[in-house]
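K.L.:
For the sequence shown, our numbering gives the first residue as 596, with consecutive numbering after it.
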Amino acid sequence: MSLRTEGASNKALERPAGIRSPPPLTAGVMPPMIEAVLFDLDETLTDRGASLAKYAALFHREFAGLIGPMNLREIEATFVALDERGYRPREEVYAGIADQLPWASAPNTGAIREHWRTWFPSSAVARVGSHETLVALAAADIRLGVVTNGSVLGQSAKIAHLGIGQYFSTVVISEAAGCEKPDPRIFRYALEEIGCLAAATLFVGDHPVNDVIGSAEAGLVSVWFEGIHAWPSPHPVPERRIRALPEVLEFISPPRRDAA
Ligand SMILES: [Mg+2]
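1. Please classify residue 815 as buried or exposed, where buried requires at least 16 other C-beta atoms within 10 Å of its C-beta.
2. Determine the extent of the alpha helix (DSSP H) in which residue 670 is found, giving its start and end residues.
3. Taking the CB atoms as reference points, tell me whether residue 801 and residue 830 lie closer together than 8 Å.
4. Taking the alpha helix (DSSP H) that residue 714 falls in, what are its first and last residues?
5. Under DSSP, the alpha helix (DSSP H) around residue 654 begins and ends at which residues?
6. Between 712, 847 and 742, which has its C-alpha nearest residue 795's C-alpha?
7. CB residue 777 to CB residue 808, shorter than 8 Å?
8. Cα separation between residue 669 and residue 678?
9. Is residue 613 helix, strand or coil when you go by DSSP?
10. Give the DSSP-derived three-state secondary structure of residue 700 in the structure shown.
11. Could you name the residues of the same chain whose beta carbon sits closer than 7 Å to that of residue 832, not counting the 5 residues immediately before and after it, in chain order?
12. Could you tell me how far apart the beta carbons of residue 738 and residue 700 are, in whole angstroms, since I believe they sit closer than 8 Å?
13. In its own chain, which residues sit with a C-beta less than 7 Å from the C-beta of residue 729, not counting the 5 before and 5 after it?
14. Tell me whether the beta-carbon of residue 707 lies closer than 8 Å to the beta-carbon of residue 693.
15. Quick one: measure Cβ to Cβ for residue 639 and residue 767, integer angstroms, because I've assumed they're closer than 8 Å.
16. Distance, Cα to Cα, residue 667 vs residue 731?
17. Just reading off the beta strand (DSSP E) that residue 817 is part of, what are its end residues?
18. Return helix, strand or coil for residue 634, following the three-state DSSP convention.
19. Taking just the CA atoms, how far does residue 711 sit from residue 643?
20. Taking the C-alpha atoms as reference points, what is the distance between residue 696 and residue 779?
21. Mapping DSSP to helix, strand and coil, what is residue 789?
22. Which full runs of the beta strand (DSSP E) of 3+ residues lie inside the segment 728-765, going along the chain?
23. Cα separation between residue 681 and residue 773?
So this is what it looks like as structure tokens:
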């Protein structure tokens with residue numbers, strides 16, 4: 596499994612070299628006050644399966660005249676297998692689409708690349724509960740941001756399409772930052788941008804290494820969005836984990852009320 600999404604490079608599902616022992620992910624003591632929440636984008640704020648289904652339908656309409664006997668369901672299944680949840684090098688995905696669909700008249704890989712880059716971001720489907728969660732956090736005066744691996748064009752377009760950009764004080768994209776999760780520098784950069792201490796900042800993401808272990812090693816309070824990836828042994832399964840985005844609110848202290 597590689598660590599990047601949407602056009603990023605491959606690395607093994609291992610802790611990065613040079614980092615010795617991670618801080619415990621099972622710490623039972625909650626920090627005194629959370630002031631900011633940083634989110635991963637793909638599979639955390641988006642539902643990649645639903646996004647791929649939407650894109651496959653668009654692709655099917657666009658190229659139906661060129662594709663032989665393959666229905667939409669089969670095209671969608673081919674895309675899901677090729678995509679590997681966004682962790683396969685994009686050029687392999689484009690080449691796979693060119694090779695594996697029963698084209699009567701195949702477009703070249705460049706045309707498929709161009710179509711994906713143009714239309715996949717605008718096929719992004721929000722994770723259930725994402726809007727309500729962001730609204731509730733913003734109402735609680737929590738500063739919000741995104742830290743995502745990928746290209747500036749693609750990831751920015753997804754955020755714009757989802758209509759959630761107004762909630763974020765900062766959006767850190769690896770291509771622009773010059774480093775990518777799980778490198779602690781990208782988390783520290785996001786903290787500087789959002790103006791919060793690591794210990795007062797939650798990081799919410801689905802990827803065990805990129806999001807959870809990476810953010811914990813940078814000192815943030817990590818929360819695992821489970822259900823997408825298996826948790827890798829021998830790391831202890833995090834105590835702070837959620838299965839639905841609104842559960843993030845459980846980690847936020849209720850707003851202080853002035854005494855009457
Ligand atoms: Mg993700």
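For glycine and all other residues, C-beta sits at the position ideal for the given N, C-alpha and C.
P.N.:
Answer, in terms of the structure:
1. buried
2. 667-678
3. Contact: no.
4. Where residue 714 is concerned, the enclosing alpha helix (DSSP H) stretches over 704-714.
5. Note, residue 654: alpha helix (DSSP H), 643-658.
6. 847
7. yes
8. 14 Å
9. With a pLDDT of only 45 at residue 613, under 50, the local geometry of the prediction cannot be trusted, and the value read off the model is given with reservation. Of the three classes helix, strand and coil, the one that applies to residue 613 here is coil, per DSSP.
10. coil
11. 826
12. Not confirmed; about 52 Å, so no contact.
13. 739, 759 and 762
14. yes
15. At roughly 14 Å, the Cβ-Cβ gap does not stay under 8 Å, so residue 639 and residue 767 are not in contact.
16. 37 Å
17. Note, residue 817: beta strand (DSSP E), 816-820.
18. strand
19. 14 Å
20. 40 Å
21. In the structure shown, residue 789 falls within a helical segment according to DSSP collapsed to helix, strand and coil.
22. 738-743
23. Here the alpha carbons of residue 773 and residue 681 stand approximately 20 Å from one another.
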